[in-house]
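Using the working numbering, count along the sequence shown one by one with no gaps and you end on 333. One structure is given below, encoded as C-alpha coordinates.
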Amino acid sequence: MTIPEITDTPPKTSARSSWIGSFDTASAAPVIFLVLLIVGFSIAEPAYFPTRENFVTILNDGALLALLACGLTLVLIVGEFDLSIAATASLAGALATVLITQLGWPVPTAFLVVLASALIIGAFNGILVTVLEIPALVATIGTASLLDGATLWVTGNSVIFMGFTDAFIWYGSWRIAGLQAPFFYLLALAILIAIALRYTVTGRHLYATGGNRAASRMAGIRVNRNVLLAFVACAVLASITGFMYTARQGSLTPLFGTSMMLPAYAAAFLGYVTLANRRFHILGTVIGVYIIGTGTLGLLLIGAPAYSQQLFAGAVLIAATGGSRVRHLLRK
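This is the structure:
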(Lines of atoms letter the chains of each structure in order from A; the text may use other names.)
(Lines give C-alpha, C1' and ligand atoms only; values in the text may rest on other atoms or scores of the structure.)
Protein backbone atom coordinates (compact mmCIF):
# COMPACT_ATOMS: atom_id res chain seq x y z
CA MET A 2 0.00 0.00 0.00
CA THR A 3 1.54 3.26 -1.10
CA ILE A 4 1.02 6.76 0.24
CA PRO A 5 -0.03 8.78 -2.82
CA GLU A 6 -1.43 11.71 -0.85
CA ILE A 7 1.92 12.31 0.78
CA THR A 8 4.46 11.49 -1.87
CA ASP A 9 2.56 12.02 -5.11
CA THR A 10 5.23 14.32 -6.56
CA PRO A 11 8.76 15.05 -5.52
CA PRO A 12 9.09 18.49 -3.93
CA LYS A 13 10.53 21.18 -6.14
CA THR A 14 13.77 22.63 -4.96
CA SER A 15 15.87 25.53 -6.08
CA ALA A 16 19.48 26.45 -5.69
CA ARG A 17 18.54 28.28 -2.50
CA SER A 18 16.77 25.27 -1.00
CA SER A 19 18.34 23.60 1.98
CA TRP A 20 19.45 19.99 2.03
CA ILE A 21 16.20 18.96 3.72
CA GLY A 22 13.91 20.10 0.95
CA SER A 23 12.03 23.22 -0.09
CA PHE A 24 11.41 25.40 2.93
CA ASP A 25 8.36 27.52 3.69
CA THR A 26 7.28 29.53 6.70
CA ALA A 27 4.60 27.09 7.83
CA SER A 28 7.15 24.28 8.00
CA ALA A 29 8.85 26.07 10.89
CA ALA A 30 5.71 25.66 13.02
CA PRO A 31 6.82 22.39 14.69
CA VAL A 32 10.14 23.94 15.69
CA ILE A 33 8.30 26.95 17.09
CA PHE A 34 6.00 24.56 18.92
CA LEU A 35 9.04 22.83 20.45
CA VAL A 36 10.38 26.17 21.65
CA LEU A 37 6.99 27.07 23.11
CA LEU A 38 6.85 23.70 24.90
CA ILE A 39 10.23 24.35 26.48
CA VAL A 40 9.27 27.87 27.52
CA GLY A 41 5.85 26.83 28.81
CA PHE A 42 7.09 23.93 30.91
CA SER A 43 9.98 26.04 32.17
CA ILE A 44 7.47 28.57 33.47
CA ALA A 45 5.18 25.89 34.91
CA GLU A 46 8.01 23.97 36.62
CA PRO A 47 10.93 26.40 36.97
CA ALA A 48 12.67 24.29 39.61
CA TYR A 49 12.73 21.04 37.61
CA PHE A 50 12.20 21.49 33.88
CA PRO A 51 14.81 24.08 32.73
CA THR A 52 17.78 22.15 34.11
CA ARG A 53 20.74 20.51 32.42
CA GLU A 54 19.83 17.16 33.96
CA ASN A 55 16.33 17.36 32.54
CA PHE A 56 17.48 18.16 29.01
CA VAL A 57 20.05 15.37 29.16
CA THR A 58 17.23 13.03 30.21
CA ILE A 59 15.16 14.11 27.20
CA LEU A 60 18.07 13.50 24.83
CA ASN A 61 18.81 10.10 26.36
CA ASP A 62 15.20 8.92 26.52
CA GLY A 63 14.45 9.90 22.93
CA ALA A 64 17.54 8.43 21.30
CA LEU A 65 16.33 4.88 20.73
CA LEU A 66 12.87 5.99 19.64
CA ALA A 67 14.53 8.35 17.17
CA LEU A 68 16.67 5.52 15.82
CA LEU A 69 13.58 3.37 15.31
CA ALA A 70 11.75 6.28 13.66
CA CYS A 71 14.68 6.93 11.30
CA GLY A 72 14.32 3.40 9.96
CA LEU A 73 10.59 3.92 9.54
CA THR A 74 11.29 7.16 7.68
CA LEU A 75 13.17 5.26 4.98
CA VAL A 76 10.12 3.09 4.31
CA LEU A 77 7.85 6.13 4.26
CA ILE A 78 10.18 7.84 1.79
CA VAL A 79 9.56 5.07 -0.76
CA GLY A 80 5.81 5.37 -0.19
CA GLU A 81 5.20 2.33 2.01
CA PHE A 82 4.34 1.52 5.62
CA ASP A 83 5.98 -0.89 8.05
CA LEU A 84 3.89 -1.98 11.01
CA SER A 85 6.39 -4.63 12.06
CA ILE A 86 9.06 -2.24 13.41
CA ALA A 87 8.00 -2.65 17.04
CA ALA A 88 7.88 -6.44 16.75
CA THR A 89 11.29 -6.45 15.06
CA ALA A 90 12.78 -4.45 17.91
CA SER A 91 11.21 -6.76 20.49
CA LEU A 92 12.51 -9.89 18.78
CA ALA A 93 16.01 -8.39 18.51
CA GLY A 94 16.07 -7.70 22.23
CA ALA A 95 14.76 -11.17 22.99
CA LEU A 96 17.33 -12.91 20.78
CA ALA A 97 20.21 -10.92 22.24
CA THR A 98 19.06 -11.52 25.80
CA VAL A 99 18.58 -15.27 25.45
CA LEU A 100 21.81 -15.79 23.51
CA ILE A 101 23.90 -13.78 25.98
CA THR A 102 22.27 -14.40 29.35
CA GLN A 103 21.13 -18.01 28.94
CA LEU A 104 23.43 -19.51 26.32
CA GLY A 105 26.55 -17.55 27.22
CA TRP A 106 27.32 -16.24 23.74
CA PRO A 107 29.77 -13.33 23.35
CA VAL A 108 28.05 -9.99 22.82
CA PRO A 109 29.51 -9.34 19.32
CA THR A 110 28.38 -12.79 18.12
CA ALA A 111 24.88 -12.27 19.48
CA PHE A 112 24.75 -8.86 17.80
CA LEU A 113 25.67 -10.41 14.46
CA VAL A 114 22.83 -12.91 14.87
CA VAL A 115 20.47 -10.01 15.59
CA LEU A 116 21.63 -8.22 12.43
CA ALA A 117 21.24 -11.39 10.38
CA SER A 118 17.68 -11.81 11.62
CA ALA A 119 16.99 -8.18 10.69
CA LEU A 120 18.20 -8.77 7.14
CA ILE A 121 15.87 -11.75 6.85
CA ILE A 122 12.89 -9.84 8.28
CA GLY A 123 13.47 -6.82 6.05
CA ALA A 124 13.94 -8.95 2.95
CA PHE A 125 10.81 -10.95 3.83
CA ASN A 126 8.74 -7.76 4.09
CA GLY A 127 10.23 -6.38 0.90
CA ILE A 128 9.49 -9.56 -1.06
CA LEU A 129 5.91 -9.68 0.20
CA VAL A 130 5.37 -6.12 -1.01
CA THR A 131 7.34 -6.10 -4.26
CA VAL A 132 7.20 -9.66 -5.59
CA LEU A 133 3.89 -10.91 -4.21
CA GLU A 134 2.40 -7.39 -4.38
CA ILE A 135 0.71 -7.68 -1.00
CA PRO A 136 -0.24 -4.23 0.39
CA ALA A 137 2.40 -3.16 2.90
CA LEU A 138 -0.11 -2.65 5.70
CA VAL A 139 -1.38 -6.21 5.36
CA ALA A 140 2.06 -7.74 4.84
CA THR A 141 3.74 -6.04 7.77
CA ILE A 142 0.83 -6.66 10.13
CA GLY A 143 1.23 -10.34 9.32
CA THR A 144 4.97 -10.14 9.86
CA ALA A 145 4.46 -8.35 13.17
CA SER A 146 2.17 -11.12 14.39
CA LEU A 147 4.74 -13.76 13.43
CA LEU A 148 7.54 -11.88 15.15
CA ASP A 149 5.54 -11.29 18.32
CA GLY A 150 4.80 -14.99 18.50
CA ALA A 151 8.48 -15.79 17.99
CA THR A 152 9.43 -13.34 20.75
CA LEU A 153 7.04 -14.94 23.23
CA TRP A 154 8.36 -18.38 22.27
CA VAL A 155 12.01 -17.38 22.63
CA THR A 156 11.48 -15.74 26.03
CA GLY A 157 8.92 -18.21 27.35
CA ASN A 158 6.61 -15.20 27.72
CA SER A 159 8.47 -14.15 30.84
CA VAL A 160 10.49 -11.17 32.01
CA ILE A 161 14.24 -11.84 32.00
CA PHE A 162 16.38 -9.90 34.44
CA MET A 163 19.07 -12.39 35.44
CA GLY A 164 22.37 -13.11 33.75
CA PHE A 165 22.97 -9.75 32.10
CA THR A 166 26.73 -9.42 31.82
CA ASP A 167 28.63 -6.19 32.36
CA ALA A 168 29.88 -6.43 28.79
CA PHE A 169 26.31 -6.54 27.45
CA ILE A 170 25.07 -3.68 29.62
CA TRP A 171 28.09 -1.57 28.70
CA TYR A 172 26.99 -1.37 25.06
CA GLY A 173 23.85 0.51 26.07
CA SER A 174 24.99 2.44 29.12
CA TRP A 175 28.41 4.05 28.56
CA ARG A 176 28.25 7.82 28.88
CA ILE A 177 29.98 11.01 27.82
CA ALA A 178 29.01 14.18 29.69
CA GLY A 179 25.89 12.45 30.96
CA LEU A 180 24.70 11.44 27.50
CA GLN A 181 24.21 7.69 27.15
CA ALA A 182 25.52 5.46 24.38
CA PRO A 183 22.23 5.34 22.37
CA PHE A 184 22.37 9.09 21.81
CA PHE A 185 25.77 8.79 20.13
CA TYR A 186 24.63 5.80 18.08
CA LEU A 187 21.66 7.89 16.93
CA LEU A 188 23.88 10.87 16.14
CA ALA A 189 26.25 8.81 14.00
CA LEU A 190 23.59 6.82 12.15
CA ALA A 191 21.23 9.76 11.58
CA ILE A 192 24.03 11.85 10.07
CA LEU A 193 25.13 8.93 7.90
CA ILE A 194 21.59 8.26 6.62
CA ALA A 195 20.87 11.95 6.02
CA ILE A 196 24.06 12.34 3.99
CA ALA A 197 23.29 9.19 2.01
CA LEU A 198 19.78 10.39 1.21
CA ARG A 199 21.04 13.77 0.06
CA TYR A 200 24.29 13.04 -1.70
CA THR A 201 24.10 9.52 -3.13
CA VAL A 202 22.35 8.19 -6.21
CA THR A 203 20.60 5.57 -4.08
CA GLY A 204 19.21 8.26 -1.78
CA ARG A 205 17.83 10.26 -4.69
CA HIS A 206 16.34 7.11 -6.17
CA LEU A 207 14.58 6.34 -2.89
CA TYR A 208 12.87 9.74 -3.01
CA ALA A 209 12.05 9.29 -6.68
CA THR A 210 10.52 5.89 -5.95
CA GLY A 211 8.19 7.39 -3.37
CA GLY A 212 7.45 10.41 -5.52
CA ASN A 213 6.33 8.78 -8.74
CA ARG A 214 6.90 5.09 -9.37
CA ALA A 215 5.73 5.09 -12.97
CA ALA A 216 8.07 7.92 -13.89
CA SER A 217 10.88 6.30 -11.92
CA ARG A 218 10.51 3.06 -13.86
CA MET A 219 10.51 4.96 -17.14
CA ALA A 220 13.73 6.66 -16.03
CA GLY A 221 15.35 3.28 -15.46
CA ILE A 222 15.21 3.35 -11.67
CA ARG A 223 14.89 -0.09 -10.09
CA VAL A 224 11.82 0.62 -8.00
CA ASN A 225 11.41 -2.81 -6.44
CA ARG A 226 15.04 -2.91 -5.39
CA ASN A 227 14.66 0.48 -3.67
CA VAL A 228 11.56 -0.64 -1.80
CA LEU A 229 13.33 -3.82 -0.73
CA LEU A 230 16.35 -1.80 0.41
CA ALA A 231 14.15 0.50 2.48
CA PHE A 232 12.48 -2.42 4.27
CA VAL A 233 15.83 -4.06 4.98
CA ALA A 234 17.35 -0.84 6.32
CA CYS A 235 14.27 -0.25 8.47
CA ALA A 236 14.49 -3.74 9.97
CA VAL A 237 18.21 -3.32 10.67
CA LEU A 238 17.66 -0.04 12.53
CA ALA A 239 14.73 -1.55 14.44
CA SER A 240 16.91 -4.48 15.50
CA ILE A 241 19.73 -2.20 16.62
CA THR A 242 17.13 -0.29 18.61
CA GLY A 243 15.92 -3.47 20.32
CA PHE A 244 19.44 -4.67 21.06
CA MET A 245 20.51 -1.34 22.57
CA TYR A 246 17.26 -0.90 24.48
CA THR A 247 17.73 -4.24 26.21
CA ALA A 248 21.41 -3.57 26.91
CA ARG A 249 20.58 -0.20 28.46
CA GLN A 250 17.73 -1.55 30.58
CA GLY A 251 19.60 -4.60 31.86
CA SER A 252 16.37 -6.57 31.63
CA LEU A 253 13.90 -7.78 29.05
CA THR A 254 10.13 -7.45 28.98
CA PRO A 255 8.64 -9.37 26.01
CA LEU A 256 7.02 -7.13 23.37
CA PHE A 257 8.55 -3.99 24.90
CA GLY A 258 8.65 -2.45 21.43
CA THR A 259 4.87 -2.15 21.22
CA SER A 260 4.86 1.12 23.16
CA MET A 261 7.26 2.64 20.60
CA MET A 262 5.08 2.15 17.54
CA LEU A 263 2.74 5.13 17.79
CA PRO A 264 5.42 7.63 18.88
CA ALA A 265 7.65 6.52 15.99
CA TYR A 266 4.91 7.15 13.43
CA ALA A 267 3.94 10.42 15.09
CA ALA A 268 7.56 11.59 14.96
CA ALA A 269 8.00 10.64 11.31
CA PHE A 270 4.81 12.39 10.20
CA LEU A 271 5.62 15.40 12.34
CA GLY A 272 9.01 15.47 10.65
CA TYR A 273 7.22 15.36 7.30
CA VAL A 274 5.96 18.90 7.90
CA THR A 275 9.06 20.16 9.71
CA LEU A 276 11.59 22.35 7.88
CA ALA A 277 10.59 20.91 4.52
CA ASN A 278 7.63 21.16 2.18
CA ARG A 279 5.75 17.88 2.57
CA ARG A 280 8.75 15.58 2.57
CA PHE A 281 9.96 12.86 4.93
CA HIS A 282 13.51 13.46 6.09
CA ILE A 283 15.77 12.37 8.91
CA LEU A 284 16.27 15.71 10.64
CA GLY A 285 12.54 16.29 10.77
CA THR A 286 11.97 12.84 12.25
CA VAL A 287 14.55 13.43 14.99
CA ILE A 288 13.01 16.82 15.79
CA GLY A 289 9.60 15.12 15.92
CA VAL A 290 10.87 12.60 18.46
CA TYR A 291 12.18 15.30 20.73
CA ILE A 292 8.97 17.31 20.45
CA ILE A 293 7.15 14.23 21.72
CA GLY A 294 9.80 13.60 24.38
CA THR A 295 9.73 17.18 25.60
CA GLY A 296 5.94 17.22 25.78
CA THR A 297 5.74 13.87 27.52
CA LEU A 298 8.33 14.65 30.18
CA GLY A 299 6.91 18.10 30.71
CA LEU A 300 3.43 16.66 31.25
CA LEU A 301 4.79 14.14 33.73
CA LEU A 302 6.60 16.87 35.67
CA ILE A 303 3.40 18.87 36.05
CA GLY A 304 1.56 15.82 37.35
CA ALA A 305 0.00 14.26 34.23
CA PRO A 306 -0.51 10.46 34.33
CA ALA A 307 2.03 8.06 32.82
CA TYR A 308 -0.16 7.29 29.81
CA SER A 309 0.15 10.92 28.71
CA GLN A 310 2.85 9.87 26.21
CA GLN A 311 0.32 7.92 24.16
CA LEU A 312 -2.20 10.76 24.32
CA PHE A 313 0.37 13.38 23.39
CA ALA A 314 1.84 11.27 20.56
CA GLY A 315 -1.62 10.62 19.13
CA ALA A 316 -2.51 14.31 19.27
CA VAL A 317 0.77 15.25 17.58
CA LEU A 318 0.21 12.67 14.83
CA ILE A 319 -3.29 14.00 14.08
CA ALA A 320 -2.14 17.63 14.24
CA ALA A 321 0.85 17.05 11.97
CA THR A 322 -0.97 15.15 9.24
CA GLY A 323 -4.27 17.02 9.54
CA GLY A 324 -2.65 20.44 9.65
CA SER A 325 -0.53 19.70 6.59
CA ARG A 326 -3.57 18.50 4.66
CA VAL A 327 -5.64 21.55 5.62
CA ARG A 328 -2.89 23.92 4.46
CA HIS A 329 -2.63 22.02 1.20
CA LEU A 330 -6.38 22.29 0.58
CA LEU A 331 -6.42 26.00 1.44
CA ARG A 332 -3.71 26.69 -1.11
CA LYS A 333 -5.77 25.17 -3.94
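Where a beta carbon is used, it is the ideal one built from N, C-alpha and C, also for glycine.
Backbone CA spacing between residue i and residue j [nearest angstrom]
i                 : j                 : result
glycine 63        : arginine 53       : 16 angstroms
alanine 124       : proline 51        : 44 angstroms
isoleucine 293    : alanine 216       : 36 angstroms
phenylalanine 281 : valine 274        : 8 angstroms
serine 309        : phenylalanine 257 : 18 angstroms
alanine 178       : alanine 191       : 20 angstroms
glycine 315       : valine 155        : 31 angstroms
proline 107       : valine 132        : 37 angstroms
glycine 323       : valine 317        : 10 angstroms
valine 224        : glycine 164       : 45 angstroms
aspartate 167     : valine 76         : 35 angstroms
valine 32         : glycine 105       : 46 angstroms
glycine 157       : alanine 220       : 50 angstroms
proline 136       : leucine 120       : 20 angstroms
proline 5         : phenylalanine 313 : For proline 5, the predicted structure reports a pLDDT of 43, less than 50, and the residue's modelled location is therefore unreliable. The matter cannot be settled from this model.
arginine 226      : arginine 218      : 11 angstroms
arginine 279      : glycine 41        : 28 angstroms
proline 183       : arginine 176      : 9 angstroms
glutamate 81      : arginine 214      : 12 angstroms
methionine 261    : threonine 295     : 16 angstroms
threonine 297     : asparagine 55     : 12 angstroms
leucine 230       : isoleucine 319    : 29 angstroms
glutamate 134     : glycine 272       : 28 angstroms
lysine 13         : leucine 193       : No answer about lysine 13 holds up, because its pLDDT of 46 lies below 50 and its placement is not dependable.
Expected contact under 8 angstroms - CB spacing of residue i and residue j to nearest Å
i                 : j              : result
threonine 74      : isoleucine 283 : 6 angstroms
phenylalanine 232 : aspartate 83   : 7 angstroms
leucine 68        : tyrosine 186   : 7 angstroms
alanine 265       : alanine 30     : With a Cβ gap of about 21 angstroms, alanine 265 and alanine 30 do not count as contacting.
Per DSSP, cross-strand counterpart(s) of residue i
i            : result
arginine 176 : Gln181
leucine 253  : Ile161
Distance CB(residue i)-CB(residue j) smaller than 8 angstroms
i                 : j              : result
phenylalanine 270 : alanine 195    : no
leucine 180       : valine 79      : no
threonine 286     : alanine 268    : yes
alanine 48        : isoleucine 303 : no
alanine 234       : glycine 72     : yes
leucine 65        : threonine 201  : no
glycine 299       : leucine 37     : no
aspartate 237     : threonine 210  : Sequence check: residue 237 is valine here, not aspartate. No; because the gap between Cβ atoms is not below 8 angstroms, this pair is not in contact.
serine 240        : serine 118     : yes
leucine 207       : leucine 198    : yes
serine 159        : arginine 249   : no
leucine 60        : isoleucine 288 : no
leucine 96        : valine 115     : yes
leucine 276       : serine 43      : no
proline 255       : leucine 153    : yes
Chain-order list of residues whose beta-carbon lies under 7 angstroms from that of residue i (same chain, five-residue window excluded)
i              : result
alanine 140    : Asn126, Leu129, Val130
alanine 151    : Leu92
glutamine 311  : Leu263
threonine 98   : Ile161, Thr247, Leu253
isoleucine 170 : Ala248, Gly251
glycine 143    : none
isoleucine 222 : His206, Ala209, Thr210
Sequence-distant residues of its chain with Cβ nearer than 8 angstroms to residue i (five each side left out)
i           : result
leucine 148 : Ser85, Ala88, Thr89, Ser91, Leu92, Ile122
alanine 307 : Leu301
Chain-order list of residues whose beta-carbon lies under 6 angstroms from that of residue i (same chain, five-residue window excluded)
i             : result
tyrosine 291  : Gly63
glycine 204   : Ala197, Leu198
alanine 111   : Ala97, Leu100, Ile101
threonine 259 : Ala87
proline 1     : Any question about residue 1 goes unanswered here, given that the chain covers just 2 to 333.
CB contact check: residue i to chain D, cutoff 8 angstroms
i          : result
alanine 88 : Note that chain D does not occur in the displayed structure, where there is just one protein chain.
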